[in-house]
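Heads up, the thing below is written out as structure tokens.
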Amino acid sequence: MRESQGRDYVLVVDDEPAVRRFAARVLEEEGYGVHEARDGVEALDLIRAQGALMDVVVSDIVMPRLTGVELLQTLAANNPEIPVILMSGYGTAQLAEQGIATPCGVLAKPFPPERLLEEVRRCIRPRA
Numbered sequence: 002m003r004e005s006q007g008r009d010y011v012l013v014v015d016d017e018p019a020v021r022r023f024a025a026r027v028l029e030e031e032g033y034g035v036h037e038a039r040d041g042v043e044a045l046d047l048i049r050a051q052g053a054l055m056d057v058v059v060s061d062i063v064m065p066r067l068t069g070v071e072l073l074q075t076l077a078a079n080n081p082e083i084p085v086i087l088m089s090g091y092g093t094a095q096l097a098e099q100g101i102a103t104p105c106g107v108l109a110k111p112f113p114p115e116r117l118l119e120e121v122r123r124c125i126r127p128r129a
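When we follow my numbering, the leftmost residue of the sequence shown carries the number 2, and every step to the right adds one.
The structure is reproduced here in structure tokens:
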């Protein structure tokens with residue numbers, strides 16, 4: 002997925018086009034390369050088809066076909082080097098109580114652009 006050296010790539014996954022486009026626009030304006038997927042199945046297909054890694058995945062939790070939690074669990078098992086930020090009304094502690102693998106970050110919807118950028122930077126930084 003890396004089309005040029007030195008640029009970080011974010012995969013935004015949400016079944017709501019308005020949310021997906023908002024997040025993509027914010028990230029693009031900050032200089033990130035952005036790929037979009039409508040659900041977890043499309044996200045996994047995109048990651049497999051490209052044959053390279055994303056720097057971070059930002060995913061909604063409630064989606065058709067494959068939820069954000071299922072996407073997180075699949076990536077944790079098969080691509081643990083890809084950090085995942087979940088967008089939700091739930092906090093990290095609530096997710097852990099439900100037996101859900103801990104994501105790199107959790108964004109409560111709706112979120113301001115600065116909060117999205119802060120989480121993406123924080124999750125990418127350890128890999129740099």
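Beta carbons: idealized from backbone N, C-alpha and C, even for Gly.
Item                                                                                                                                                : Value
Counting only the same chain and skipping the five closest in sequence on each side, list residues whose C-beta sits under 6 Å from that of Gly-34. : Arg-8 and Tyr-10
Within 10 Å of its beta-carbon, does Ala-44 have 16 or more other beta-carbons around it, so buried, or fewer, so exposed?                          : buried
If you follow the beta strand (DSSP E) that Glu-37 is part of, which residue opens it and which one closes it?                                      : 34–38
Is Leu-67 helix, strand or coil by DSSP?                                                                                                            : coil
Within the continuous beta strand (DSSP E) that includes Asp-46, where are the two ends?                                                            : Looking at the DSSP string, Asp-46 is not in any beta strand (DSSP E); the run it does join, the alpha helix (DSSP H), is 41–51.
What first and last residue would you give for the alpha helix (DSSP H) that runs through Ile-125?                                                  : 114–125
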